[in-house]
Amino acid sequence: MPARRVITFEQLAYVLIGVASVLLHLYLLGSRALHHDETLHAEYSWRLYQGHGYTHDPLLHGPFLYYWTALIYLLFGASDTTARLSAALFGMVAVMLPVLIRRELGRPAALLASSYLLISPVFLYVGRFIRHDIFAVTFELLAVIALVRYVRSERSFWHYVFAAALGLMLTTMETFYLFVLILGVYVVVVLLWEIAPKLLWWLGGYAVIAGLALKVVPLWAGAIPLVTESQALDVRHQPDNQ
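Numbering (UniProt numbering), first residue to last: 1 to 242.
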């Protein structure tokens, strides 16, 4: 007889987290009126769904939200609930993403991360709100996870996942550039630490000096006109002794 498969505490915990995430993200999803930003995103998604096309406007960020929400309209109909469903689905996915990195992050830490994403009021609010934030955060998390998994396993699959996450992030929001900058600096620091740690210390020292200079020099330079002007006022207000 085949051995019975025993469900571990970790597996049961993730199942409960997943079920709770679905319930929290869907409960009374369309009960409240749409926020101003939500009305814009729902409206332009509806226009795309109706066949009126899409025209990029930097004010409304990238196109991913509108195409994804239009697909949700196509599958489930157009309503306040389905408009927010496009964001809620990504919120559910984001809660479960730490499971992909549990070996690298540590099983207790990964479980704690999923639990935190589940109970965080801010994350739950954003995960039920049809704006670009939840899509951007999900793609960012996926990109970081894919990068770590690729470095650890060197499987090309994670290379493609990383590239896809960055590409989708680019089509979502302009914060893509800040994310790439932050991630790029981290990668460069790690590489320098592995290849040339002394050079990294020198660069760190120069960075500290440059930061102090940028902070102190403008204050010092700005104080010179104030001192000069103060001296001029003193001269003008001196009594005439002649």
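Don't be surprised by glycine CBs; every beta carbon is placed ideally from N, CA and C.
(1) From Arg102 to Ser120, what distance separates their C-alpha atoms?
(2) For His41 and Arg131, which I take to be in contact (beta-carbon distance under 8 Å), what is that distance rounded to the nearest angstrom?
(3) Would you kindly check if the distance between the Cβ of Ala196 and the Cβ of Ala165 is under 8 Å?
(4) Go ahead and label Ser21 buried or exposed: buried means 16 or more other beta carbons lie within 10 angstroms of its beta carbon, across all protein chains shown.
(5) Are the beta-carbon atoms belonging to Leu34 and Asp80 less than 8 Å from one another?
(6) Closest to residue 250 by C-alpha separation, out of Leu118, Leu203, Leu192, would be which residue?
(7) Residue 276 by DSSP, collapsed to three states: which one?
(8) Which residues mark the beginning and the end of the alpha helix (DSSP H) in which Gly184 is found?
(9) At which residues does the alpha helix (DSSP H) containing Ala165 begin and terminate?
(10) Assuming the contact rule is C-beta atoms closer than 8 Å, Trp46 and Ala87 should be a hit. Round their C-beta distance to whole Å, please.
(11) Report the residue from Glu194, Ala146, His61 whose alpha carbon sits nearest the alpha carbon of Ser104.
(12) For the 8 Å Cβ check, are there 3 or more pairs between the stretch 153-161 and the stretch 49-61?
(13) Comparing alpha-carbon positions, which option in Ala83, Leu71, Leu28, Leu74 lies nearest Glu43?
(14) Taking the CB atoms as reference points, tell me whether Ala94 and Thr138 lie closer together than 8 Å.
(15) Buried or exposed: which applies to Leu226, given that a residue is buried once 16 or more other Cβ atoms fall within 10 Å of its Cβ?
(16) Helix, strand or coil for Thr8 per DSSP?
(17) Return the first residue and the last residue of the alpha helix (DSSP H) that Tyr125 is part of.
(18) Output needed for Tyr67: all residues of its chain with C-beta closer than 6 Å, excluding positions within five of it in sequence on either side, in chain order.
(19) Report the start-end ranges of each alpha helix (DSSP H) in the stretch 67-149 that is 4 residues or longer and not cut off at the edges.
(20) Would you mind working out which of Gln11, Tyr206, Arg4, Arg5 sits nearest Pro108, comparing C-alpha positions?
(21) For Tyr54, name the three-state secondary structure that DSSP assigns.
(22) What separation, rounded to the nearest whole angstrom, lies between the Cα atoms of Val161 and Leu168?
From the atom records:
(1) Locating residue 102 in the sequence shown gives position 102, where the first residue counts as 1. Locating residue 120 in the sequence shown gives position 120, where the first residue counts as 1. Rounded to the nearest angstrom, the two C-alpha atoms are 20 Å apart.
(2) By 1-based counting over the sequence shown, the position of residue 41 is 41. By 1-based counting over the sequence shown, the position of residue 131 is 131. Indeed, because the Cβ distance is near 6 Å, the residues count as touching under 8 Å.
(3) Your numbering for residue 165 matches position 165 in the sequence shown. Your numbering for residue 196 matches position 196 in the sequence shown. For Ala165 and Ala196, no; Cβs fall outside 8 Å.
(4) Within the sequence shown, the letter at position 21 stands for residue 21. Buried, since its Cβ has 16 or more Cβ neighbours within 10 Å.
(5) The residue labelled residue 34 in the question sits at position 34 within the sequence shown. The residue labelled residue 80 in the question sits at position 80 within the sequence shown. Contact flag set, yes.
(6) This structure gives no information on residue 250, because the portion of the chain shown stretches from 1 to 242.
(7) Outside the displayed span of the chain (1 to 242) sits residue 276, for which this structure offers no information.
(8) For the purposes of this step, residue 184 is taken as the residue at position 184 of the sequence shown. Residues 175-195.
(9) Residue numbering aside, residue 165 sits at position 165 when the sequence shown is read from its first letter. Here the alpha helix (DSSP H) through Ala165 covers 156-170.
(10) Within the sequence shown, residue 46 is the residue found at index 46, counting from 1. Within the sequence shown, residue 87 is the residue found at index 87, counting from 1. Not confirmed; about 15 Å, so no contact.
(11) On the sequence shown, residue 104 is found 104 positions in, with the first residue counted as 1. The residue you asked about is not Ser; residue 104 is Glu in the sequence shown. If we check each option's Cα against that of Glu104, Ala146 comes out closest.
(12) no
(13) Position 43 of the sequence shown holds residue 43. Residue Ala83 is the option with its Cα nearest to Glu43.
(14) For the purposes of this step, residue 94 is taken as the residue at position 94 of the sequence shown. For the purposes of this step, residue 138 is taken as the residue at position 138 of the sequence shown. Contact flag set, yes.
(15) By one-based count along the sequence shown, residue 226 stands at place 226. Its pLDDT being 49, under 50, Leu226 is placed unreliably in this model, and the value from its coordinates should be taken loosely. Its Cβ having fewer than 16 others within 10 Å, Leu226 is exposed.
(16) As a first step, residue 8 must be located in the sequence shown, where it is residue number 8. In this structure, Thr8 counts as coil in the three-state DSSP scheme.
(17) Mapped onto the sequence shown, residue 125 falls at position 125. 121-126 is the span of the alpha helix (DSSP H), which, as asked, contains Tyr125.
(18) Position 67 of the sequence shown, counting from 1, holds the residue named residue 67. Hits under 6 Å: none found.
(19) 80-96, 102-105, 107-119, 121-126
(20) Locating residue 108 in the sequence shown gives position 108, counting from the first residue. Answer by Cα proximity: Gln11.
(21) Taking the sequence shown and counting its residues from 1, the one referred to as residue 54 is at position 54. Correct three-state label for Tyr54: coil.
(22) On the sequence shown, residue 161 is found 161 positions in, with the first residue counted as 1. On the sequence shown, residue 168 is found 168 positions in, with the first residue counted as 1. Between Val161 and Leu168, the C-alpha separation is close to 10 Å.
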